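Residue numbers (the numbering used here), protein chains in the order written: chain A, 11 to 220; chain B, 3 to 294. A short write-up of the structure that comes next.
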Amino acid sequence: MKRDPKDLIRYTAPERANHWVVGMAFILLALSGLAFFHPAFYPLSQFFGGGVWARILHPFIGVVMALSFVAMFFRFWKLNLITPADKEWLGRIGEMVNGDDHNMPAAGKYNGGQKLLFWLLVCCIALLAVSGLVIWRAYFSALFPIGMIRFASLMHAMVAAGMICLIIVHVYAAIWTRGTIRAMLYGTVSRAWAKQHHSAWFRQITGGGK
Amino acid sequence: MALQSLDIKARSATTTPSPSVRETLEVAKLIDISKCIGCKACQVACMEWNDLRDEIGTNVGVYDNPADLTAKSWTVMRFSEVEVEAGKLEWLIRKDGCMHCADPGCLKACPAPGAIIQYSNGIVDFHEEYCIGCGYCITGCPFNVPRISKTDNKAYKCTLCSDRVGVGLEPACVKTCPTGAITFGAKEDMIHRAEGRVADLKGRGYANAGLYDPQGVGGTHVMYVLQHADKPGLYSGLPKDPSISSMVCLWKGITKPLTSFAIGLVALGSLFHYITKGPNEVSNDIEKEFEE
Ligand code: HEM
Ligand code: SF4
Ligand code: SF4
């Protein structure tokens, strides 16, 4: 990758750090959570020093992720408000997936797909945090009726699986769209990348220039 | 500890067969509530045999002591005063504890391989050395039985004295009961014995006497003879038609394979998307525009 003084700044260092805390916590949560999810994944508990440690650590890592996600939410929510252009983008998502972006409406800092993902993740994390608290046997389960604990267990497992799917799509999209990962590593993207993938954002921050 | 003479029918969080070449006799404990005098000798015997000394609690105004099952009290007598017929007080005393379900909700819910074992004789036993302390067994149990210890964060409950049964002895509570209200033997024999007791009770005016062996959990290996089998709720809230909650069945049933499959599909789908469609790169035109 060539780095160029004309590169555009996409994320500040605090934004990147925040994102990585959420991301690392998510990976730890997915690995430890899957260990309880199905016997096939139980060996994943070895990454945490065994089943007991996985059980102890998971909810605390959950709290770290939930809190750092709240911080991220306040950084990015305004940029993720869905506009009519985003709805059109989402309507044409099939073309995008097919690798043809010629007719896609110009995207701002985030395209319709990214914005949809943002709001889906907000819902997932809210549901996981609430249900996770209810099934946290060591401290909180005693406060809730058994029916609610059963419902929360089902909810937590289903939403967690859904969120893992969403994150796979999120990570894949970043790999698929070449030149994107560096935005989260160094904070910058090339001008060409911005014009290609987020032309409205490109126009906005360069004033239409090159 | 697993005894060789007790072969295994089911093991928590395990997808392959457990040692099961020997078929042992299905056993059961029969508790005849009409014969129980509430002396709590069985509670004492349980403490003695299992070497457990619960904290001495406080009197809460009723005979129940301790007030609830705990990690150190695996059986408690629950006393209820009811008037099924107006003016005729009945003192119904139920020995509460694990029912040793044929279809155990605790075992279904447990995520730790081998932490819960169901022997082929029907006993459901917790193996605390594999327990991770998550409390899923409590979530799964239709009878609210398992308790997590505050000392070691492991789940405990009645073992039906699997260690005694494994060497041909009856459970400690059975051995102790001074009125013969608790008996133990082959499940078939216990059902037979219960039939005799039910007929006797019916002859004494308890028209609704019956055996409590709830089929919603596949039957149990601890059964009650009830004077009022039509109203098990009278006995300190014994559930009428217990079964594993549909929520737990969904959670531990199709949800897991289905969503695991979905995760795999999304991951593989992404990989194949990449190798069929190729990367999403900046077009040559735009690339050139910025090269000078
Ligand atoms: C947000 C805060 C979270 C809290 C407080 C929390 C808490 C819990 C608790 C208490 C358990 C039961 C096991 C244990 O006691 O350790 C659990 C299980 C689990 N968690 Fe979380 N969690 C959170 C977030 C997440 C996230 C983000 C994921 C997604 C990757 C996740 C995935 C799972 C899975 C897959 C299980 C196993 C579910 C099952 O056994 O069916 N959790 N969680
Ligand atoms: S607390 Fe122990 S026995 Fe109960 S479900 Fe969890 S691992 Fe299994
Ligand atoms: S009564 Fe509860 S703890 Fe005992 S075997 Fe049934 S489900 Fe398990």
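Don't be surprised by glycine CBs; every beta carbon is placed ideally from N, CA and C. Note that the coordinates shown come from a computational prediction; the quantities given were computed from them, not determined experimentally.
Original post:
At a cut-off of 7 angstroms, is I135 of chain A close to ligand 1 when judged by its beta-carbon and the heavy atoms of the ligand?
Top reply: As a working note, residue 135 of chain A is residue 125 in the first sequence. Yes - ligand 1 has a heavy atom lying nearer than 7 angstroms to the Cβ of I135 of chain A.
Original post:
According to the neighbour-count rule (16 or more other Cβ atoms, all chains shown, within 10 Å of its Cβ), is Q214 of chain A buried or exposed?
Top reply: As a first step, residue 214 of chain A must be located in the first sequence, where it is residue number 204. Its Cβ having fewer than 16 others within 10 Å, Q214 of chain A is exposed.
Subject >> Residues of the stretch 151-170 of chain A whose Cβ lies closer than 8 angstroms to any Cβ of chain B, in chain order >> reply: S151, I156, G157, I159, R160, F161, S163, L164, A167 and M168
**OP:** Give the residues of chain A in contact with K279 of chain B, contact being defined as C-beta atoms less than 9 angstroms apart.
**Re:** Looking up residue 279 of chain B in the second sequence gives position 277. Within 9 angstroms Cβ-Cβ: V107, N108, G109 and W186.
Original post:
ligand 1 heavy atoms versus the CB of S163 of chain A: any closer than 7 angstroms?
Top reply: As a working mapping, residue 163 of chain A is identified with position 153 in the first sequence. Within the cutoff, so yes.
Original post:
Closest Cβ-Cβ distance between Q206 of chain A and chain B: below 8 angstroms?
Top reply: In the first sequence, residue 206 of chain A corresponds to position 196, counting from 1. Yes, its Cβ sits closer than 8 angstroms to a Cβ of chain B.
Subject >> Residues near G220 of chain B in its chain [Cβ-Cβ closer than 7 angstroms; skip 5 each side] >> reply: For the purposes of this step, residue 220 of chain B is taken as residue 218 along the second sequence, with counting starting at 1. Only C103, A104 and D105 meet the Cβ criterion.
Subject >> Per-residue burial, K125 of chain A [other beta carbons within 10 Å of its own, 16 or more giving buried] >> reply: Residue numbering aside, residue 125 of chain A sits at position 115 when the first sequence is read from its first letter. Per the 10 Å Cβ criterion, buried.
Original post:
Where does the unbroken beta strand (DSSP E) through L228 of chain B begin, and where does it stop?
Top reply: The residue labelled residue 228 of chain B in the question sits at position 226 within the second sequence. First-last of the beta strand (DSSP E) with L228 of chain B: V224 to L228.
Subject >> Selected residue, minimal CA-CA separation from N210 of chain B, among B:V268, B:G239, B:C139 and B:Q229 >> reply: Residue numbering aside, residue 210 of chain B sits at position 208 when the second sequence is read from its first letter. Of the candidates B:V268, B:G239, B:C139 and B:Q229, the one whose C-alpha sits nearest the C-alpha of N210 of chain B is B:Q229.
Subject >> Range of the contiguous beta strand (DSSP E) that encloses E197 of chain B >> reply: Your numbering for residue 197 of chain B matches position 195 in the second sequence. Counting along the chain, E197 of chain B falls outside any beta strand (DSSP E), though it belongs to the alpha helix (DSSP H) covering K189 to G205.
**OP:** Flag this pair as yes or no: are the beta carbons of S82 of chain B and L203 of chain B separated by less than 8 angstroms?
**Re:** Stepping through the second sequence from its first residue, residue 82 of chain B is reached at position 80. Stepping through the second sequence from its first residue, residue 203 of chain B is reached at position 201. No, the Cβ-Cβ distance between S82 of chain B and L203 of chain B is not below 8 angstroms.
**OP:** Under 8 angstroms by Cβ, that's how I've got C134 of chain A and M82 of chain A pegged, so tell me the actual separation to the nearest angstrom.
**Re:** Translated into the one-based positions of the first sequence, residue 134 of chain A becomes position 124. Translated into the one-based positions of the first sequence, residue 82 of chain A becomes position 72. Wrong, their Cβ atoms sit about 14 angstroms apart, outside the cutoff.
Original post:
For F58 of chain A, is the beta carbon positioned less than 7 angstroms from some heavy atom of ligand 2?
Top reply: The residue you call residue 58 of chain A lines up with position 48 of the first sequence. For ligand 2, not one heavy atom lies less than 7 angstroms from the Cβ of F58 of chain A.
Original post:
Going by the CB atoms, is the gap between T16 of chain B and P53 of chain A shorter than 8 angstroms?
Top reply: Start at 1 with the first residue of the first sequence, and residue 53 of chain A comes out as number 43. Start at 1 with the first residue of the second sequence, and residue 16 of chain B comes out as number 14. Not a contact, by the Cβ cut-off of 8 angstroms.
Original post:
So what's E25 of chain B in DSSP terms, helix, strand or just coil?
Top reply: The sequence position of residue 25 of chain B within the second sequence is 23, counting from 1. Three-state DSSP puts E25 of chain B in coil, outside helix and strand.
**OP:** Using a Cβ-Cβ cut-off of less than 8 angstroms, give me the residues of the stretch 256-269 of chain B that come near chain A, in sequence order.
**Re:** T257, K258, P259, T261, S262, A264, I265, V268 and A269
Original post:
Taking Y138 of chain B as the reference, which of A:A95, A:L38 and A:F47 has the closest Cα?
Top reply: Here the question's residue 138 of chain B lines up with position 136 in the second sequence. Closest by alpha carbon: A:F47.
Original post:
Does L109 of chain B get closer than 8 angstroms to chain A when you measure Cβ to Cβ?
Top reply: Here residue 109 of chain B refers to the residue found at position 107 of the second sequence. No - not a single Cβ of chain A is within 8 angstroms of the one on L109 of chain B.
**OP:** Return yes when the C-beta of P115 of chain B is under 7 angstroms from any heavy atom of ligand 1, and no when it is not.
**Re:** Start at 1 with the first residue of the second sequence, and residue 115 of chain B comes out as number 113. No, ligand 1 has no heavy atom inside 7 angstroms of this Cβ.
Original post:
Is any beta-carbon of chain A found at less than 8 angstroms from that of A4 of chain B?
Top reply: The sequence position of residue 4 of chain B within the second sequence is 2, counting from 1. Bear in mind that the predicted position of A4 of chain B carries a pLDDT of just 47, short of 50, making it too unreliable to give a figure here.
Original post:
At a CB-CB cut-off below 7 angstroms, which residues of chain B make contact with V199 of chain A?
Top reply: If you number the first sequence from 1, residue 199 of chain A lands on position 189. Result: empty, since nearest Cβ-Cβ is about 10 angstroms, beyond 7 angstroms.
Original post:
How would you list, in chain order, the residues of chain B whose beta-carbon sits under 7 angstroms from the beta-carbon of P49 of chain A?
Top reply: Position 39 of the first sequence, counting from 1, holds the residue named residue 49 of chain A. Going along chain B in sequence order, the residues near P49 of chain A (Cβ under 7 angstroms) are A15, T16, T17 and P115.
Original post:
Using a C-beta to C-beta distance shorter than 7 angstroms, which residues of chain B count as neighbours of C175 of chain A?
Top reply: The sequence position of residue 175 of chain A within the first sequence is 165, counting from 1. Result: A264, I265 and V268.
**OP:** Taking C-beta pairs closer than 8 angstroms, name the residues in chain A that I288 of chain B reaches, listed in chain order.
**Re:** On the second sequence, residue 288 of chain B is found 286 positions in, with the first residue counted as 1. Going along chain A in sequence order, the residues near I288 of chain B (Cβ under 8 angstroms) are A202, K205 and Q206.
Subject >> Cut-off 6 angstroms between Cβ atoms - residues of its own chain near I95 of chain B, not counting five sequence neighbours on either side >> reply: Walking along the second sequence from the start, residue 95 of chain B turns up at place 93. These residues qualify, in order along the chain: C38, G40, M79 and F81.
Subject >> Burial state of Y149 of chain A, where buried means 16 or more other Cβ atoms lie within 10 Å >> reply: Here residue 149 of chain A corresponds to residue number 139 of the first sequence, with the count starting at 1. Its Cβ having fewer than 16 others within 10 Å, Y149 of chain A is exposed.
**OP:** Measuring only between beta-carbons, confirm whether F46 of chain A sits less than 8 angstroms from chain B.
**Re:** Within the first sequence, numbered from 1, the residue matching residue 46 of chain A stands at position 36. Yes, contact with chain B.
Original post:
Residues of chain A with CB under 7 angstroms from G137 of chain B, in chain order?
Top reply: Position 135 of the second sequence, counted from the start, is the residue given in the question as residue 137 of chain B. Within chain A, the residues near G137 of chain B are R147 and S151.
Original post:
R65 of chain A versus chain B: which residues are under 8 angstroms apart at the beta carbon?
Top reply: To locate residue 65 of chain A, count along the first sequence from 1; it is residue 55. Under the 8 angstroms cutoff, chain B gives I134, G135 and C136.
**OP:** For Y52 of chain A, return the contacting residues in chain B, with the cut-off set at a CB-CB distance below 8 angstroms.
**Re:** To locate residue 52 of chain A, count along the first sequence from 1; it is residue 42. Chain B residues near Y52 of chain A: A15, P113, A114 and P115.
**OP:** Please confirm if the stretch 227-245 of chain B is in contact with the stretch 253-262 of chain B, defined as three or more CB-CB distances below 8 angstroms between the two stretches.
**Re:** no
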